[in-house]
Amino acid sequence: MKPETACIHAVRDTSHNTGAVAVPIYQSATFAHPGFGQSTGYDYSRSQNPTVEHTEKLLAALEGGAGASAYATGMAAITTLMELFAPGDEIIATCDLYGGSIRLFNNISAKNGITVRYTDTSDLSAVQSAIGDATKAVFIETPTNPMMKLTDISGVKDIIGNRDILLIADNTFLTPYFLNPIALGADIVVHSGTKYLAGHNDTLAGFLVAKTVEMAEKLHYLKKTVGAVLSPFDAFLVTRGIKTLAVRMEKAKANAEEIAAWLKTQPKVTQVYYPETGAMISFKMESEKAARSVLDKTRLILYAESLGGVETLITYPVTQTHSDVPQAEREARGIDGRLLRLSVGIEAASDIIDDLDRAMR
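Reading the sequence shown from the start, the letters are residues -18 to 342 in the working numbering.
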């Protein structure tokens, strides 16, 4: 089954005989038992819900995993993921991460005795040097947020070898349509389903997809215990969004390629960061004043924090996604007042370019 077909048909709901094409929304917190010692397979929606279960099975199928668990947000997914680790454990993480992940690692995980060491995972020799006896996981984003660096997942897996170290990949930017980290060696895949999976800037969701049944069961247990679960209605919205994932990603990618090429010709743009795939672009203006002027002047493009929807959004990382990262750390990673991040939508590329052109004058 081709990816565009799998987005629609990889998992079908067979839990009823109504013939409904769309998965039903089981808006129920609790489920009755037929009798003592009997169960329908569902007890309480924090443990499992039929609508949520359908979405989890769909994500697992698209990522080639043994199972998935769904969460209220992407950060809820990562927070639950961190419960796999204990005080004294060390995690090697991509140095250029989403600011929310950095905030979690530096404040909550550190308080719980987990050490997160940041390194440039696009440099495999740096990964090799960073791994030590206490390392329990390597956490990567590829492309990274917001500098769009790429990490060789297979290369990192080769470095890990047979050691008891989890390889965790955040696949929010590329989605399972463009990238399958498990096929390249990842043990767990992270998604902010809020972004491309749902695709319409109208719901929050997060997912963890596991390579093995054993890990999928561990994550499901943690989901049930921690309780930051996805609601049935939001699961329905994510499933609906995934049905158009292929066409949205193809259109957004085509737009991004055209826009990135145009940005490279603009005299006020000093650097363009585009990994030649996906629909995320970061770029630097000639000055902080010029960058903020673009934010004030765009009309079609919305100045908003998020990404992956049908609308093109422009974000200012220093005051939005990475505002909690200390200034020195931000600037060491290239995140300064001149940097803008563009989540390219599915509008006409020419209209997006015209809006940027007007804003840069």
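Glycine is no exception: its CB is placed at the ideal position from the N, C-alpha and C atoms.
Remember, it's a predicted structure, so these values are computed and weren't measured experimentally.
query: Quick test of the definition: if touching needs 3 or more C-beta pairs under 8 Å, does the stretch 151 to 158 touch the stretch 175 to 186?; result: yes
query: Pick from Arg27, Ala186, Ile112: whose alpha carbon is nearest that of Gly55?; result: Ala186
query: With contact counted as at least three CB pairs below 8 Å, one residue from each stretch, are the stretch 47 to 65 and the stretch 194 to 204 in contact?; result: yes
query: Can you find the residues in the same chain that come closer than 6 Å, C-beta to C-beta, to Lys278, ignoring five residues on each side of it along the sequence?; result: Ala340
query: Tell me the rounded alpha-carbon separation between Asn88 and Val306.; result: 11 Å
query: Could you check the C-alpha separation between Cys76 and Asp183 for me, to the nearest Å?; result: 30 Å
query: Contact check, Ala164 vs Leu148 under 8 Å by CB: the rounded distance?; result: About 12 Å; that fails the 8 Å criterion.
query: From what residue to what residue does the alpha helix (DSSP H) around Arg229 run?; result: 226 to 244
query: Where DSSP assigns a beta bridge to Ile295, which residues make up the other side?; result: Tyr284, Leu323
query: Tell whether a beta-carbon distance below 8 Å holds between Ala330 and Ile240.; result: yes
query: What span of residues does the beta strand (DSSP E) with Thr75 cover, start to end?; result: 71 to 75
query: Which word fits Thr116, buried or exposed, when buried means at least 16 other C-beta atoms lie within 10 angstroms of its C-beta?; result: buried
query: Quick check on Arg322: buried or exposed, where buried means 16 or more other Cβ atoms within 10 Å of its Cβ?; result: buried
query: Tell me whether Ala309 is buried or exposed, calling it buried when 16 or more other Cβ atoms sit within 10 Å of its Cβ.; result: exposed
query: Just the Cα atoms here: how many angstroms apart are Ile59 and Leu85?; result: 9 Å
query: With 16 as the cutoff for other CB atoms within 10 Å, does His(-10) come out buried or exposed?; result: exposed
query: How far does the beta strand (DSSP E) with Lys265 in it reach, from first residue to last?; result: 261 to 266
query: Check Thr61 in the structure and name its three-state DSSP category.; result: helix
query: Which residues mark the beginning and the end of the alpha helix (DSSP H) in which Ile141 is found?; result: 134 to 141
query: Taking the straight line between their C-alpha atoms, what separation do you get for Gly94 and Gly208?; result: 22 Å
query: Label Thr246 either buried or exposed according to how many other C-beta atoms from any shown protein chain fall within 10 Å of its C-beta, with 16 as the threshold for buried.; result: exposed
query: Specify, as a first and last residue, the run of the beta strand (DSSP E) that Val190 falls within.; result: 187 to 191
query: Please determine, among Phe214, Val325, Leu105, Met196, the residue with the shortest C-alpha to C-alpha distance to Gly259.; result: Val325
query: Going by DSSP, which residues form a beta bridge with Thr102?; result: DSSP output for Thr102 lists no bridge partner at all.
query: Which residues share a DSSP beta bridge with Ala49?; result: Val190
query: Going by DSSP, which residues form a beta bridge with Asp151?; result: Glu122, Val171
query: Are the Cβ atoms of Val4 and Thr32 separated by less than 8 Å?; result: yes
query: Give the straight-line distance between the Cα atoms of Leu281 and Thr296, rounded to the nearest whole angstrom.; result: 14 Å
query: Decide if Gln19 is buried, meaning its Cβ has at least 16 other Cβ atoms within 10 Å, or exposed.; result: exposed
query: Within a Cβ cutoff of 6 Å, which residues of the same chain sit near Ala74, ignoring the five residues on either side of it in sequence?; result: Val97, Tyr99, Phe120
query: Closest to Asp332 by CA distance: which of Ile316, Glu292, Thr302, Phe159 is it?; result: Glu292
query: Taking a contact to mean a Cβ-Cβ separation below 8 Å, would you say Phe214 touches Gln29 in this structure?; result: no
query: When the distance is taken between beta carbons, is Leu320 closer than 8 Å to Lys419?; result: No answer is possible for residue 419: the residues shown for the chain start at -18 and end at 342.
query: Can you give me the start and stop residues for the beta strand (DSSP E) that Gln252 sits inside?; result: 250 to 254
query: Where Thr220 and Thr36 are concerned, what is the direct C-alpha to C-alpha distance, given to the nearest angstrom?; result: 6 Å
query: Checking contacts by CB at 8 Å: is Ala10 closer than that to chain D?; result: This model lacks chain D altogether; it includes just one protein chain.
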